[in-house]
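Peer 1:
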Amino acid sequence: MSATALAAGLGLRNPDYASKTAFTTTVLPLAADGSAVAQAEAYFESFSPTLVIATEKIGPNAEGIAHMSSGTPAAASRARAEHIFDLAAARGIPSIGIGDNGNEIGFGRIEGAVKKWKPGGERLATRVATDVLFPANVSNWGAYGVIAALSILLGRTDLLHDVETERRMIEACVATHAVDGSTGRHILAVDGTPLAMQQAVVTMLAGIVRNAQIKGYKRPF
Numbered sequence: 012m013s014a015t016a017l018a019a020g021l022g023l024r025n026p027d028y029a030s031k032t033a034f035t036t037t038v039l040p041l042a043a044d045g046s047a048v049a050q051a052e053a054y055f056e057s058f059s060p061t062l063v064i065a066t067e068k069i070g071p072n073a074e075g076i077a078h079m080s081s082g083t084p085a086a087a088s089r090a091r092a093e094h095i096f097d098l099a100a101a102r103g104i105p106s107i108g109i110g111d112n113g114n115e116i117g118f119g120r121i122e123g124a125v126k127k128w129k130p131g132g133e134r135l136a137t138r139v140a141t142d143v144l145f146p147a148n149v150s151n152w153g154a155y156g157v158i159a160a161l162s163i164l165l166g167r168t169d170l171l172h173d174v175e176t177e178r179r180m181i182e183a184c185v186a187t188h189a190v191d192g193s194t195g196r197h198i199l200a201v202d203g204t205p206l207a208m209q210q211a212v213v214t215m216l217a218g219i220v221r222n223a224q225i226k227g228y229k230r231p232f
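Heads up: the sequence shown is residues 12 to 232, going by my numbering.
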């Protein structure tokens with residue numbers, strides 16, 4: 012996460028500094044054991060979030076077991092991010108989930124559909140819902156789509172990153188031993204789709220955002 016943030020051009024700072032400074036972020040740990048509940052409460056007390064977002068973050072099923080997209084139980088070292096979203100729901104704080112397989116936080120909103128249509132869905136469907144869910148063929152693309160929509164709503168063209176930044180981010184992930192989610196290989200690919208395809212999605216979304224800024228255009232024919 013830290014390497015990707017730096018590759019995107021964001022400075023890594025402590026939470027207090029990052030909250031007051033543009034183009035900076037902070038990376039905080041998430042516990043993988045019973046302390047995650049108290050940790051979530053401490054984060055809410057410290058930062059008073061007004062929105063929480065999960066992108067491709069695995070969530071547990073109704074029995075408390077989280078699964079990979081293949082249906083294999085997730086490792087015991089999995090970060091218990093669900094407590095952040097349980098607490099947000101209890102406090103009425105809006106939440107967004109972005110994912111691509113039905114086992115990620117947010118898909119609890121359509122848990123029945125995941126169980127019905129996703130292979131292995133009966134066991135891997137997460138119980139964790141969000142107020143808004145963005146299903147995508149690749150989770151990254153879903154997140155980029157959200158950013159593109161915000162760009163249009165806010166009338167800004169500088170929110171979505173460019174193709175060179177996309178390359179740097181994926182290279183940084185591979186350099187820190189991340190793997191392609193489809194093949195398990197340390198290659199410049201995301202969920203079985205090559206770097207060029209990621210850049211094409213970014214280019215397409217940037218074009219949509221740019222065209223949306225044109226006001227009053229009329230076809231001359």
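Glycine included, each C-beta is placed from N, C-alpha and C at the ideal position. No experiment lies behind these values; they were computed from the predicted model shown.
Rounding to the nearest angstrom, what Cα-Cα distance links Gln224 and Ile158 in this structure?
Peer 2: Distance between the alpha carbons of Gln224 and Ile158 is about 15 angstroms.
Peer 1: Considering only the beta carbon of each residue, do Thr35 and Leu21 sit closer than 8 angstroms?
Peer 2: The answer is yes: Cβ separation under 8 angstroms.
Peer 1: Near Val149, what residues of its chain come up, given a Cβ to Cβ distance below 7 angstroms and the 5 sequence neighbours on each side ignored?
Peer 2: Hits under 7 angstroms: Asp111, Val201, Asp202 and Thr204.
Peer 1: Between Gly75, Lys31 and Ala100, which has its C-alpha nearest Glu52's C-alpha?
Peer 2: Checked all of Gly75, Lys31 and Ala100; the closest Cα to Glu52 is Ala100.
Peer 1: Could you have a look at Gly227 and say whether DSSP puts it in helix, strand or coil?
Peer 2: Three-state DSSP puts Gly227 in coil, outside helix and strand.
Peer 1: Inspect the beta-carbon positions of Leu161 and Leu216 and report whether they are closer than 8 angstroms.
Peer 2: Contact: no.
Peer 1: Would Ser106 be called buried (16 or more neighbouring beta carbons within 10 Å of its own) or exposed?
Peer 2: That one is buried.
Peer 1: Since Arg120 and Asn72 are thought to touch, with beta carbons under 8 angstroms apart, how far apart are those beta carbons, to the nearest angstrom?
Peer 2: About 14 angstroms; that fails the 8 angstroms criterion.
Peer 1: Under the three-state reduction of DSSP, which class applies to His78: helix, strand or coil?
Peer 2: Three-state result, His78: strand.
Peer 1: Does the separation of the CB atoms of Ala136 and Phe118 fall below 8 angstroms?
Peer 2: Against a cut-off of 8 angstroms, the Cβ pair of Phe118 and Ala136 comes out as a contact.
Peer 1: For the alpha helix (DSSP H) containing Pro26, list its first residue and its last residue.
Peer 2: Taken as a continuous stretch (DSSP letters only), the alpha helix (DSSP H) holding Pro26 covers Pro26 to Ala29.
Peer 1: Restricting to Cα atoms, I'd like to know which of Arg138, Met208, Glu93 and Met79 is closest to Ala42.
Peer 2: Answer by Cα proximity: Glu93.
Peer 1: So for Glu67, helix, strand or coil by DSSP?
Peer 2: Here Glu67 sits in coil by DSSP.
Peer 1: Rounded to whole angstroms, what's the CA-CA distance from Leu98 to Glu122? Just pull it up for me.
Peer 2: Their Cα atoms are separated by approximately 19 angstroms.
Peer 1: For Cys184 and Ala14, which I take to be in contact (beta-carbon distance under 8 angstroms), what is that distance rounded to the nearest angstrom?
Peer 2: Cys184 to Ala14, Cβ: 7 angstroms. Contact.
Peer 1: Apart from the five residues on each side of it in sequence, which residues of its chain come closer than 6 angstroms, Cβ to Cβ, to Gln210?
Peer 2: For Gln210, where only same-chain residues beyond five positions count, the Cβ hits under 6 angstroms are Val174 and Glu177.
Peer 1: If we call anything under 8 angstroms between Cβ atoms a contact, is Gly156 one with Glu115?
Peer 2: Their beta carbons are not under 8 angstroms apart, which means Gly156 does not touch Glu115 by this criterion.
Peer 1: Can the beta-carbon of Gly103 be found less than 8 angstroms from the beta-carbon of Lys129?
Peer 2: Their beta carbons are not under 8 angstroms apart, which means Gly103 does not touch Lys129 by this criterion.
Peer 1: Helix, strand or coil for Phe118, going by three-state DSSP, please let me know.
Peer 2: In the structure shown, Phe118 sits in a strand (DSSP, three-state: E or B).
Peer 1: Whole angstroms is fine: what's the gap from Ala154's alpha carbon to Ile109's?
Peer 2: Computed Cα separation, rounded: 7 angstroms.
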